[in-house]
């Protein structure tokens, strides 16, 4: 199941706080060491990949739904065999 934006934000915030505590940089204006950036990059990469996959799945669901609506509309417009037969009887009466 996909994580929500709030869950990703909480995960990243928690990770940053833990890294800051480990390196002793509890001050709000402190910088994290270089070793922390790969973790942050991987977190963003996974979040973006998941968002991309979720967006792709939503787009595919929408396309399938539109195709279903189009098929039902086409089926409604297509005359049935009985309807065609009744029209042919009316046409033959007019011609005769």
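In this note's numbering, the protein residues as written are 702 to 797.
Note that beta-carbon positions come from the ideal geometry of N, C-alpha and C, so glycine has one too.
query: Residue 712 versus residue 769 - alpha carbon distance; result: 39 Å
query: Touch test, the stretch 705-722 against the stretch 744-759, Cβ-Cβ under 8 Å, three pairs minimum; result: yes
query: Pick from 767, 720, 760, 704 that is closest to residue 737, judged by C-alpha positions; result: 720
query: C-alpha gap between residue 751 and residue 786, whole angstroms; result: 55 Å
query: For residue 781, three-class secondary structure by DSSP; result: coil
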